Amino acid sequence: MRRQGNQLILPGLTVVDFSTTWTATRPGELVLSSSPPGREVSTFKSRQKSMVFTRAIGLTLLLLLGMLSPSNAAEADLRAIIAKFATASNFSATEAVVRELVATGDTAVERPLGALAEGDLYVRKADSLVFIGKAAGGSVALLDPLSGEKSGDAAKSEITKIKVNNTLRRAIRDALGTLTLGAKDPAARIAAADTMFKTPDATNIEPLDAAIASEGVASVKALLEQARAASVLVSDRPEADKLAAVALIGGRGDRNALSLLTAVEANSEGAVKDAATAAIANINSTLALWDAGQNIWYGISLGSVLLLAAIGLAITFGVMGVINMAHGEMVMLGAYTTFVVQEVIRNSFPGLFDWSLVIALPLAFSVAALVGLVIERGVIRFLYGRPLETLLATCGVSLILQQAVRTIFGPTNQEVGNPSWMSGSFGIGQLAVTWNRLWILVFALGVFAVLLYVMKRTPWGLQMRAVTANRRMAASMGIRTPWVDALTFALGSGIAGIAGVALSQIDNVSPNLGRGYIIDSFMVVVFGGVGNLWGTLVGAFSLGIVNKFLEPYAGAVLGKIVVLVLIILFIQKRPRGLFALKGRSVEA
Amino acid sequence: MRGSFSTITKMLSAGAVTAGLMMSFPARAADDTIKVGILHSLSGTMAISETTLKDAMLMLIDEQNAKGGLLGKKLEGVVVDPASNWPLFAEKARELISKDKVAAVFGCWTSVSRKSVLPVFSELDNILFYPVQYEGEESERNVFYTGAAPNQQAIPAVDYLMSEDGGSVKRWVLEGTDYVYPRTTNKILEAYLKAKGVAAEDIMVNYTPFGFSDWQTEVSAIKKFGSAGKKTAVVSTVNGDANVPFYKELGNQGIKAEDIPVMAFSVGEEELAGLDTAPLVGHLAAWNYFQSIDTPANAKFIADWHKFIKNDKRTTNDPMEAHYVGFNMWVKAVEKAGTTDPDKVIDAVIGVSVPNLTGGYSTMMPNHHITKPVLIGEIQADGQFETVSQTPGLVMGDEWSDYLADSKDLISDWRAPLSCGNFNVATGKCGGKGTN
Chain A
19 MRRQGNQLIL PGLTVVDFST TWTATRPGEL VLSSSPPGRE VSTFKSRQKS
69 MVFTRAIGLT LLLLLGMLSP SNAAEADLRA IIAKFATASN FSATEAVVRE
119 LVATGDTAVE RPLGALAEGD LYVRKADSLV FIGKAAGGSV ALLDPLSGEK
169 SGDAAKSEIT KIKVNNTLRR AIRDALGTLT LGAKDPAARI AAADTMFKTP
219 DATNIEPLDA AIASEGVASV KALLEQARAA SVLVSDRPEA DKLAAVALIG
269 GRGDRNALSL LTAVEANSEG AVKDAATAAI ANINSTLALW DAGQNIWYGI
319 SLGSVLLLAA IGLAITFGVM GVINMAHGEM VMLGAYTTFV VQEVIRNSFP
369 GLFDWSLVIA LPLAFSVAAL VGLVIERGVI RFLYGRPLET LLATCGVSLI
419 LQQAVRTIFG PTNQEVGNPS WMSGSFGIGQ LAVTWNRLWI LVFALGVFAV
469 LLYVMKRTPW GLQMRAVTAN RRMAASMGIR TPWVDALTFA LGSGIAGIAG
519 VALSQIDNVS PNLGRGYIID SFMVVVFGGV GNLWGTLVGA FSLGIVNKFL
569 EPYAGAVLGK IVVLVLIILF IQKRPRGLFA LKGRSVEA
Chain B
15 MRGSFSTITK MLSAGAVTAG LMMSFPARAA DDTIKVGILH SLSGTMAISE
65 TTLKDAMLML IDEQNAKGGL LGKKLEGVVV DPASNWPLFA EKARELISKD
115 KVAAVFGCWT SVSRKSVLPV FSELDNILFY PVQYEGEESE RNVFYTGAAP
165 NQQAIPAVDY LMSEDGGSVK RWVLEGTDYV YPRTTNKILE AYLKAKGVAA
215 EDIMVNYTPF GFSDWQTEVS AIKKFGSAGK KTAVVSTVNG DANVPFYKEL
265 GNQGIKAEDI PVMAFSVGEE ELAGLDTAPL VGHLAAWNYF QSIDTPANAK
315 FIADWHKFIK NDKRTTNDPM EAHYVGFNMW VKAVEKAGTT DPDKVIDAVI
365 GVSVPNLTGG YSTMMPNHHI TKPVLIGEIQ ADGQFETVSQ TPGLVMGDEW
415 SDYLADSKDL ISDWRAPLSC GNFNVATGKC GGKGTN
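Residue numbers (the working numbering), protein chains in the order written: chain A, 19 to 606; chain B, 15 to 450.
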């Protein structure tokens, strides 16, 4: 109790603590609340005069309170420690305060520490009081660091943020790990077990033993046991315990276990070292298998991106034979449409943000298809059968589109956010699958299926194929070939537009977006076989997988070169690609 | 084909002559203006970064004119577009100097564009102010380097990561885009780390192509490299467009800054503008200026910029500050010399000191590099950086790295009587050779 009293009358803190009033809300429970800031400043001098008196009263009061209810005394204690944040001048001083807070073992420190880690803890310049700040418009709403209740507003200039860096955030995370071990939410307990696994400490064993004993969820219990094993390995427990711990961690088999065991192997001797070496070898051989699986997944994922980028081109170049250098710009237009849709949603209907991509899809298709239609009617239809001129003209169109977008939206990247269902990743064994890649794969296959249906099962698809196969015959049969051409080109462009919606999720939305995909798209279509949708599908996935298997060994730069060389050799052997169209249609 | 081609060439050259004649008249008539060349790409891949610098230069020229111009004359910015095309940089530089008769040129971003204009500037004897951090290993009489040399960015950044505050990093991934700046910087860093006792197996160097967008393999390789039981950090010289997908992949694969921080040398406020930075809080960047710097000069600069560009969401960045410092140095040197004659200005600008935006003064040194503070910032959720470390004083740009065998004996001093950009102190001769 005396210590608390002393802390309370430290210079600067006296004023702080006595500007607050004690109020009884419930019998036996007292809540501390701050008075409005204005009053504090104005009464500062008068308060100083009566300070000695108040100190005495305060001390007695605190002594009394301490006797009445220990929890409130602890709260005052916490407040005194929290107030030290105001005087901590550098990161190590702040870290010392964090450690002191954690040493109290009180779970109430979770709120202020969490806020500190988020960079939301502020000091009010006028009175050096510490608050949690939530930015709301131009000002910051101040919340009490312990109770979280609102206690006024402040302009940004009136408060100073308590700075945090990575080391400090890690210290806070580790400290919170031990504190949240008994949390009600299993996710919090899992997080705690995870942190404690990564930062093993001999002192963790006892709290973990207690937590394991009271844990009801089996999966959490397993994690807690692994965390305990990790701590056992750095303690001075007997060898038998350590060997059991190595076995337990070895069974976990992931990279964190590997990281931990590598450290154990380096720092121990005898049987433990041998067991660790064996466990490492075991994990490494399992991970090698997973690595191969990971490469395949990455390859499929890259393939799905290539497929999306190329599938529109498979129509315009593959089916119609137009070398469309502006294809990448259609992708870019789709991405920019997504950006505009998100801007509108952000400003007017923030609740719809998770739907932004769904809303953007038809719009991106329409915008790109419309631009495609204009290009076909305005430029390409005069150049059918003249590939060199088409190439030059569409190249010019692509530059015009790029510069137009640059003029309208500016040259810098635009932010396209990921909806919540496309963020983060999940694990299958040791394989981390990111949601956005998975959805893009699903989406790419969906687009492919729809396109295949349109081409093979609808009258329009039939006309399209008829015109491509033999234009004069089709015209003689009454098909309006110019319109089929225009609509086919619009379809190809529209598909590129919706590819842009998906690609905006993984790439940056800038006027140069399309440039990066045009070469790859042509590569896929030529490799897969011009005029064959299935060829594009197989081509995209095989190029993706080959690329991803080469990359870890050859590096990204050399990997790409090797793939290009392979394609050149392949085209020498089979000039029409993987799935060559047979019959008379080819020469048409 | 040949016939039509030569006709086109004729027509083009005729057009050029007419254009040249038309241009020369107003130039002579407007003799009361001083022309300043602005050589930044406004189209093509580099437009994303360079357009902002063009606007910043126009703003600085406007402000100088509002203050009464220079030597009693108005300044006039001459903007050309080299279109991210390296040979075109040399052509446009020649056009600015010979045709427009500019007094000095502010421009270039990539090292390759700078290398391509160097012969033009020494041949026609004009001045280039180059505002971007670069790999060093160069000091030219006609070029003033207002961006950071490796010792003003890379070395202090690595020092920070090695320090206790930075997390005492023991294992290093050097990730870069495959071109001259990352390759030279990584060479210097590798030598530096080894000199500091880092074992070769604790350094992983990896390069990716320009505009690389599929980072899955690279990010999981970083994850794998980081699980060897030692504190790991990534030093990234990944350039421009490739950064957004890189950071998105880092965020999605759950690599947190607390576990494996990424220290970037080419990621500024502008690159972050295209990103949701919430998953990236704590990743680092080393620069000599951040928009978040709290000084009156910076507050005024940001306010002026927003007013000029008519958009208060546009960010400021380090190369903009470099142009701010460089332009003011040039103005002061012209005032000191009393003329815009490049030879006189080149001599006058050495030793010129102007306020920078971080609350201190930057001085042009005899090696044509300037003194700068080095700041380490952590990315915040609002897309800004928060300074977590700052060098106690100013750091002088070191053009020839002390950590590379080829250049450690070289110094540069453009004052008479030495007047040499690559003086070898071991042999006592001018004309040493650097790594590039």
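Even for Gly, the Cβ is constructed at its ideal location relative to N, Cα and C.
Note that the structure is a prediction, hence the values are computed from the model and not measured.
TODO: Could you name the residues of the segment 170 to 191 of chain A whose beta carbon sits closer than 7 Å to any beta carbon of chain B, in the order they occur along the chain?
DONE: Considering only beta carbons, the part of the segment 170 to 191 of chain A lying closer than 7 Å to chain B consists of Lys-181, Asn-183, Asn-184, Thr-185, Arg-187, Arg-188, Arg-191, in chain order.
- [ ] Note the first and the last residue of the continuous alpha helix (DSSP H) segment covering Met-350 (chain A).
- [x] Met-350 (chain A) -> alpha helix (DSSP H) spans 345 to 366.
Open item on the list: Using a Cβ distance threshold of 8 Å, determine whether the segment 540 to 559 of chain A contacts the segment 320 to 333 of chain A, with at least three qualifying pairs required.
Closed with: At 8 Å Cβ cutoff, the stretches touch.
- [ ] Output yes if chain A places a C-beta closer than 9 Å to the C-beta of Ala-311 (chain B); else output no.
- [x] No, Ala-311 (chain B) lies away from the interface with chain A (no Cβ there is under 9 Å from its Cβ).
Task: Environment of Asp-357 (chain B) [buried if 16+ CB atoms lie within 10 Å] - done: Asp-357 (chain B) comes out exposed.
Open item on the list: Pairs of beta-carbons, one from the segment 136 to 147 of chain B and one from the segment 176 to 194 of chain B, closer than 8 Å: are there three or more?
Closed with: Not touching, per the Cβ criterion.
Task: Minimum C-alpha distance to Val-18 (chain A) - residue among A:Met-491, A:Gln-590, A:Ala-572, A:Gly-595 - done: With chain A covering 19 to 606 only, the question about residue 18 (chain A) has no answer from this structure.
Open item on the list: Strictly under 9 Å for the Cβ-Cβ distance: is Val-323 (chain A) near chain B by that measure?
Closed with: Yes, Val-323 (chain A) lies at the interface with chain B (some Cβ there is under 9 Å from its Cβ).
Task: CB contact below 9 Å: Pro-170 (chain B) versus chain A - done: For Pro-170 (chain B), the closest Cβ of chain A is not nearer than 9 Å.
TODO: Output, in chain order, the set of chain A residues within a Cβ distance shorter than 9 Å of Ser-57 (chain B).
DONE: Those within 9 Å of Ser-57 (chain B) in chain A are Leu-417, Gln-420, Gln-421, Arg-424, Pro-429, Pro-529.
- [ ] Output, in chain order, the set of chain A residues within a Cβ distance shorter than 7 Å of Phe-226 (chain B).
- [x] Result: Ala-574.
TODO: Would you list the residues sitting across from His-383 (chain B) in a DSSP beta bridge?
DONE: Bridge partners of His-383 (chain B): B:Tyr-159.
Task: Whole-angstrom distance between Thr-372 (chain B) and Asn-436 (chain B), CA atom to CA atom - done: C-alpha separation (whole angstroms): 31 Å.
Task: Length of the line joining the Cα atoms of Leu-242 (chain A) and Leu-147 (chain A) - done: Rounded to whole angstroms, the gap between the alpha carbons of Leu-242 (chain A) and Leu-147 (chain A) is 38 Å.
TODO: On a CA-only basis, which of B:Arg-128, B:Ser-130, B:Val-94 is nearest Val-116 (chain B)? Give me that one, please.
DONE: Nearest of B:Arg-128, B:Ser-130, B:Val-94 to Val-116 (chain B), Cα basis: B:Val-94.
TODO: Compile a chain-ordered list of the residues in the segment 254 to 272 of chain B whose CB is closer than 7 Å to at least one CB of chain A.
DONE: From the segment 254 to 272 of chain B, only Asp-255, Val-258, Pro-259, Lys-262, Asn-266, Gln-267, Gly-268, Ala-271, Glu-272 have a Cβ closer than 7 Å to chain A.
Task: One or two residues paired with Trp-457 (chain A) in a DSSP bridge - done: DSSP, once it has assigned bridges, lists no residue as partnering Trp-457 (chain A).
Open item on the list: At a CB distance below 9 Å, what residues from the segment 391 to 409 of chain B approach chain A? Give them in sequence order.
Closed with: Listed by position along the chain: Glu-392, Gln-394, Ala-395, Asp-396, Gly-397, Glu-400, Thr-401, Val-402, Ser-403.
TODO: Scan the segment 101 to 127 of chain B for residues whose Cβ lies nearer than 8 Å to a Cβ of chain A and list them as they occur along the chain.
DONE: Within the segment 101 to 127 of chain B, no residue places its CB atom closer than 8 Å to a CB of chain A.
Open item on the list: Using only CA atoms, which one of B:Gly-407, B:His-382, B:Pro-170, B:Val-348 lies nearest to Cys-434 (chain B)?
Closed with: With distances taken between CA atoms, Cys-434 (chain B) lies nearest to B:His-382 out of B:Gly-407, B:His-382, B:Pro-170, B:Val-348.
Open item on the list: Give me the residue from B:Asn-220, B:Leu-207, B:Thr-191, B:Val-131 with the minimum Cα distance to Pro-570 (chain A).
Closed with: It is B:Asn-220.
Open item on the list: Residues in the same chain with beta-carbon distance under 8 Å from Ser-63 (chain B), minus the five sequence neighbours each way, listed in chain order, please.
Closed with: Excluding sequence positions up to five before and after Ser-63 (chain B), its CB lies within less than 8 Å of the CB of Trp-123, Gly-254, Glu-284, Pro-333, all in the same chain and listed in chain order.
Open item on the list: Please report the distance separating the alpha-carbon of Gly-13 (chain A) from that of Gly-91 (chain B).
Closed with: Lying before the first or after the last residue shown, residue 13 (chain A) is absent from chain A, which here runs from 19 to 606.
Open item on the list: Between Thr-385 (chain B) and chain A, is any beta-carbon pair separated by less than 9 Å?
Closed with: For Thr-385 (chain B), the answer is no, since every Cβ of chain A falls outside 9 Å of its Cβ.
Open item on the list: If you follow the beta strand (DSSP E) that Arg-142 (chain A) is in, where does it begin and where does it stop?
Closed with: For Arg-142 (chain A), the enclosing beta strand (DSSP E) starts and ends at 139 to 142.
TODO: Return yes when the Cβ of Gly-288 (chain B) is within less than 9 Å of the Cβ of Asn-526 (chain A), no when it is not.
DONE: Yes; because the gap between Cβ atoms is below 9 Å, this pair is in contact.
Task: Check whether Ser-511 (chain A) and Ile-393 (chain A) have beta carbons under 9 Å apart - done: The criterion of a C-beta distance shorter than 9 Å is satisfied by Ser-511 (chain A) and Ile-393 (chain A).
Open item on the list: At the 9 Å Cβ level, is Glu-47 (chain A) part of the contact set with chain B, yes or no?
Closed with: In this prediction, Glu-47 (chain A) scores a pLDDT of 40, lower than 50, which makes its location untrustworthy; the coordinate-derived value is nonetheless stated afterwards. Not closer than 9 Å to any Cβ of chain B, the Cβ of Glu-47 (chain A) fails to qualify, so no.
Task: Classification of Ile-586 (chain A) by the beta-carbon crowding that lies within 10 angstroms, buried from 16 upward - done: With a threshold of 16 other beta carbon atoms within 10 Å, Ile-586 (chain A) falls short and is exposed.
Task: Val-617 (chain A) classed as buried or exposed, judged by whether at least 16 other C-beta atoms fall within 10 angstroms - done: With chain A running from 19 to 606 in the structure shown, residue 617 (chain A) is simply not present.
Task: DSSP three-state assignment for Asp-308 (chain B), whether helix, strand or coil - done: In the structure shown, Asp-308 (chain B) adopts coil according to DSSP, grouped into three states.
Task: Span of the beta strand (DSSP E), counted from its first residue to its last, around Arg-429 (chain B) - done: Careful: Arg-429 (chain B) lies outside any beta strand (DSSP E) and carries neither H nor E.
- [ ] Give the DSSP-derived three-state secondary structure of Asp-171 (chain A) in the structure shown.
- [x] It is a strand residue.
Task: Span separating the alpha-carbon of Ile-323 (chain B) from that of Thr-66 (chain B) - done: A straight line joining the alpha-carbon of Ile-323 (chain B) with that of Thr-66 (chain B) spans about 9 Å.
Open item on the list: Determine whether the beta carbon atoms of Leu-84 (chain B) and Val-366 (chain B) lie at a separation below 9 Å.
Closed with: The beta carbons of Leu-84 (chain B) and Val-366 (chain B) sit no closer together than 9 Å.
Open item on the list: So, with DSSP's three-state summary, where would you put Gly-369 (chain A)?
Closed with: Assignment of Gly-369 (chain A) by DSSP, reduced to helix, strand and coil, places it in the helix class.
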